[in-house]
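Enquirer: Quick one: the structure is below, and I'll ask about it shortly.
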């Protein structure tokens with residue numbers, strides 16, 4: 601009898617009855633932005649959050665699986681970028697919450713929402729790893745620029761600032777470091793054939 605009550609109590613604690621806000625809903629917060637504006641920003645923030653979480657995991661995967669002559673440098677670089685993406689995830693998720701939304705959090709939800717393709721389970725070559733990271737950064741940068749512009753047009757300068765000051769600048773710097781690992785030493789390489 602007592603075990604039945606304990607089991608029932610635990611089921612209630614972990615059940616849907618305890619969800620205090622459904623994903624995709626927006627609760628009112630007195631910050632001077634309407635629900636539609638906040639909802640639009642939350643959608644963009646959650647998309648970039650999902651992609652950033654996927655990118656963070658790519659960095660850790662490559663940190664563990666990198667090999668070759670540049671192992672040590674890339675091992676450290678990938679871990680540094682991982683940590684910086686982790687910080688950005690927190691800022692994105694907290695902005696979603698500050699706007700009255702629910703940030704994506706569970707791995708299966710992130711995998712479903714992310715626009716970044718899943719990598720193979722096996723170890724990739726260094727050029728393939730860097731190329732995969734660059735593709736992910738580019739997706740995040742394109743979406744972040746679009747979202748920053750939209751947030752600014754909607755008067756959501758807090759979200760615009762997060763995208764411009766944190767997401768775009770950090771991702772551009774990561775791209776710069778990754779591209780330099782592919783460089784052939786020619787400072788004019790980006791101008792050739794352009």
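In my numbering, the protein residues as written are 601 to 794.
We treat Cβ as the ideally placed atom computed from N, Cα and C, and that holds for glycine.
The structure presented is a predicted model; accordingly, all values stated were derived computationally and were not measured.
Taking the straight line between their C-alpha atoms, what separation do you get for residue 725 and residue 632?
Expert: About 50 Å.
Enquirer: Can the beta-carbon of residue 730 be found less than 8 Å from the beta-carbon of residue 651?
Expert: Cβ distance not < 8 Å, so residue 730 and residue 651 don't count as in contact.
Enquirer: To the nearest angstrom, how far is the alpha carbon of residue 691 from that of residue 635?
Expert: Going by the C-alpha atoms only, they are around 21 Å apart.
Enquirer: What whole-angstrom Cβ distance do residue 771 and residue 741 have, given they're in contact under 8 Å?
Expert: About 5 Å; that satisfies the 8 Å criterion.
Enquirer: When you compare only the Cα positions, how much space is there between residue 671 and residue 677?
Expert: About 10 Å.
Enquirer: Inspect the CB distances between the stretch 652-665 and the stretch 635-644 and report whether three or more fall short of 8 Å.
Expert: No: fewer than three Cβ pairs fall under 8 Å.
Enquirer: When you compare each of 754, 763, 702 and 764 to residue 628 by their alpha carbons, which one comes out closest?
Expert: Comparing Cα positions, the closest option is 702.
Enquirer: Quick one: what does DSSP say residue 644 is sitting in, helix, strand or coil?
Expert: Reduced to three states, the DSSP call for residue 644 is helix.
Enquirer: Taking the straight line between their C-alpha atoms, what separation do you get for residue 713 and residue 630?
Expert: Approximately 29 Å between the Cα atoms of the pair.
Enquirer: My output table needs one value for residue 682: the three-state DSSP class, helix, strand or coil.
Expert: In the structure shown, residue 682 sits in a helix (DSSP, three-state: H, G or I).
Enquirer: Among residues of its own chain, excluding the 5 on either side of residue 789, which ones have a beta-carbon nearer than 6 Å to its beta-carbon?
Expert: For residue 789, the predicted model reports a pLDDT of 48, less than 50, meaning its position is unreliable; a value from the coordinates is still stated below. Here the set comprises nothing.
Enquirer: Pick from 643, 649, 618 and 668: whose alpha carbon is nearest that of residue 737?
Expert: Measuring from the Cα of residue 737, the nearest candidate turns out to be 649.
Enquirer: Using alpha carbons as the reference points, say which of 757, 683, 779 and 720 lies closest to residue 641.
Expert: Nearest option by C-alpha distance: 757.
Enquirer: Can you have a look at residue 773 and say buried or exposed, based on whether 16 or more other CB atoms are within 10 angstroms of its CB?
Expert: Exposed: under 16 other Cβ atoms inside 10 Å.
Enquirer: What residue range does the alpha helix (DSSP H) around residue 707 cover?
Expert: Per DSSP, residue 707 belongs to the alpha helix (DSSP H) from 707-713.
Enquirer: If we call anything under 8 Å between Cβ atoms a contact, is residue 696 one with residue 646?
Expert: Taking 8 Å as the Cβ cut-off, residue 696 and residue 646 qualify as a contacting pair.
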